[in-house]
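Going from the sequence shown to the numbering used here is simple: count from 1 and add 121. Beta carbons: idealized from backbone N, C-alpha and C, even for Gly.
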Amino acid sequence: MYDFIIIGGGPAGMMAAGRAGARGKKVVLLEKKDQLGKKLLICASGRCNVTNTAAPDSLIKAYGKGGHFLRTALQTFDNEKLRLFLLSYGVETVIENKGRVFPKSQRAASVLKALETYMHNHKVKIQTNSHVLQLTLENNRVSGVETNHGSVFGRNILIATGGRSYPATGSTGDGYTLASSVGHAICSTYPAIIAFETEETWMKSLQGTPMKNVNITAYQSGKKIAGQFGEALFTHYGVSGPTILDMSKRIVECLSNGHVPIRIDFKPHHTSEELDKILVNQIKRHGNKAIKSCLVFFIPEKLAPVLLNLCDIEPHKKTSQITAPERKRIVKQIKGLPLTCMRHRPIEEAIVTAGGIRLDEVDAKTMKSKLIEGLYFAGEVLDIDGPTGGFNLQAAFSSGYLAGDSID
Ligand SMILES: Cc1cc2nc3c(=O)[nH]c(=O)nc-3n(C[C@H](O)[C@H](O)[C@H](O)COP(=O)(O)OP(=O)(O)OC[C@H]3O[C@@H](n4cnc5c(N)ncnc54)[C@H](O)[C@@H]3O)c2cc1C
Numbered sequence: 122m123y124d125f126i127i128i129g130g131g132p133a134g135m136m137a138a139g140r141a142g143a144r145g146k147k148v149v150l151l152e153k154k155d156q157l158g159k160k161l162l163i164c165a166s167g168r169c170n171v172t173n174t175a176a177p178d179s180l181i182k183a184y185g186k187g188g189h190f191l192r193t194a195l196q197t198f199d200n201e202k203l204r205l206f207l208l209s210y211g212v213e214t215v216i217e218n219k220g221r222v223f224p225k226s227q228r229a230a231s232v233l234k235a236l237e238t239y240m241h242n243h244k245v246k247i248q249t250n251s252h253v254l255q256l257t258l259e260n261n262r263v264s265g266v267e268t269n270h271g272s273v274f275g276r277n278i279l280i281a282t283g284g285r286s287y288p289a290t291g292s293t294g295d296g297y298t299l300a301s302s303v304g305h306a307i308c309s310t311y312p313a314i315i316a317f318e319t320e321e322t323w324m325k326s327l328q329g330t331p332m333k334n335v336n337i338t339a340y341q342s343g344k345k346i347a348g349q350f351g352e353a354l355f356t357h358y359g360v361s362g363p364t365i366l367d368m369s370k371r372i373v374e375c376l377s378n379g380h381v382p383i384r385i386d387f388k389p390h391h392t393s394e395e396l397d398k399i400l401v402n403q404i405k406r407h408g409n410k411a412i413k414s415c416l417v418f419f420i421p422e423k424l425a426p427v428l429l430n431l432c433d434i435e436p437h438k439k440t441s442q443i444t445a446p447e448r449k450r451i452v453k454q455i456k457g458l459p460l461t462c463m464r465h466r467p468i469e470e471a472i473v474t475a476g477g478i479r480l481d482e483v484d485a486k487t488m489k490s491k492l493i494e495g496l497y498f499a500g501e502v503l504d505i506d507g508p509t510g511g512f513n514l515q516a517a518f519s520s521g522y523l524a525g526d527s528i529d
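Following this line, the structure appears as structure tokens:
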């Protein structure tokens, strides 16, 4: 008979297990894959953006409506405490742009090692290849779980099974089934950090071309719905990259009402008039060159012929022969290259799953179910998601820690 059965060996489950173990509780962690933390290991391409240095208020705001729910969890185990925790296990961290925190080693494996040591030091029993199939209840209280290897009995259970993205890492949405089987409501799930397929197909030839210092604005019915400055990426199907991923939750929500046009401003720090003057200057200086070579000053080289085609201008046309109306068309495209988001990529490719266990059925002070005695939730399985920048791992660590801190 365990004090705490943890379902899921991701960051939320491992943190909860370690914390409960540190409090002297008898803990078992059941992980269906052959290894813990498979998703953790691929975070930020294996570099693992563990948290963000955002101040407490900004940290809470980053999660939108979920931020209020996370307040106690973030107060109990915030970004500073997480960094100190990692340091206490020999993992120094460094801060990169926009407050992103990474292990100094640049290796997610060092973060996983810290969590494994934490659990080991506090005698957490770890069972990999243990797939939890069902919860068992007695008089509205959890009593254990059924796994592929038989029954495990415990007084408290944590569902920390993650979301539905990157299913090869083990996050296949089992937590939603387990929770709904005992009466919990699930807010419908959708991808929150995801790339988009566009109506236009011309970017196929630009696959992998990065766009730097661009301003991207998304619209619906003529109204701005989201905007971001930074980097983006052309892909064979459409657009991706940091700015797109950061705007993606809003775009996904709007896609249910129809296509979402976006405009890419390649020179956001210049007005169209200023840009026109710069272009005139370039034309004067490089009159003998083909116009496509002249444009590399403004846009990625590979994009130049595509953009000129969109302007109905022959890319090899001599720069000195560009007419004023043609120049205006070029400026218009540089200041707002139009693309149309048709659909998001499949949820399996999402960085994070939005939706999940309904928050009003969970006590935010303890992560305990309000419906079933002894049942707890932590991590991405909850209806919480944050933007890129380390916020999703912080939410998993904080909610996991609070659950491990709360069980009796
Ligand atoms: C490619 C990629 C990169 C990312 N990079 C970052 C980043 O740099 N920074 C950041 O903050 N966030 C990042 N994220 C998001 C972050 O990884 C997740 O939000 C976080 O891992 C969620 O933690 P979790 O513990 O809730 O769930 P998960 O990490 O998904 O872990 C859930 C675990 O539960 C197990 N499980 C599921 N069902 C069962 C079952 N029935 N029985 C037993 N075990 C089960 C799974 O096998 C899995 O190991 C990234 C995500 C992806 C996909």
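Here DSSP, grouped into helix, strand and coil, assigns N260 to coil.
Sorting V473, Y497, V502, A499 by C-alpha distance to the C-alpha of I163 places V473 at the top. For N170, the CB falls within less than 7 Å of some heavy atom of ligand 1. Contact between A475 and D506 holds: their C-beta atoms lie close to 5 Å from each other, under 8 Å.
In the structure shown, Y522 adopts helical secondary structure according to DSSP, grouped into three states. Fewer than three beta-carbon pairs drawn from the segment 504-524 and the segment 341-352 are found closer than 8 Å, and the two stretches are therefore not classed as touching.
Judged by DSSP in its simplified three-state form, T440 adopts helix. For Q248, DSSP records a beta bridge to L151. Between A353 and M324, the CB-CB gap reaches or exceeds 8 Å. Here the C-alpha atom of S377 lies approximately 12 Å from the C-alpha atom of C462. Bridge pairing for E494: R262 [DSSP].
Closest by C-alpha distance to P288, out of R221, R448, K160, is K160. Just measuring C-alpha positions, the residue of T319, T364, T174, F419 sitting nearest V215 is T174.
Beta-carbon to beta-carbon, K423 and T330 are separated by about 5 Å, close enough to satisfy the 8 Å threshold. When the Cα atoms are used, L236 and A133 turn out to be separated by approximately 10 Å. The beta-carbon separation of K154 and T249, rounded to 7 Å, stays under the 8 Å limit for a contact. One Cα belongs to M488, the other to C169, and the distance between them is close to 25 Å. Between I478 and I247, the C-beta spacing is not below 8 Å.
In the structure shown, Q341 adopts extended strand secondary structure according to DSSP, grouped into three states. Around the CB of K388, 16 or more other CB atoms lie within 10 Å, so the residue is classed as buried. Here A141 is actually not in contact with G495; their C-beta atoms are around 13 Å apart, not less than 8 Å.
The nearest non-hydrogen atom of ligand 1 is less than 7 Å from the C-beta of V502.
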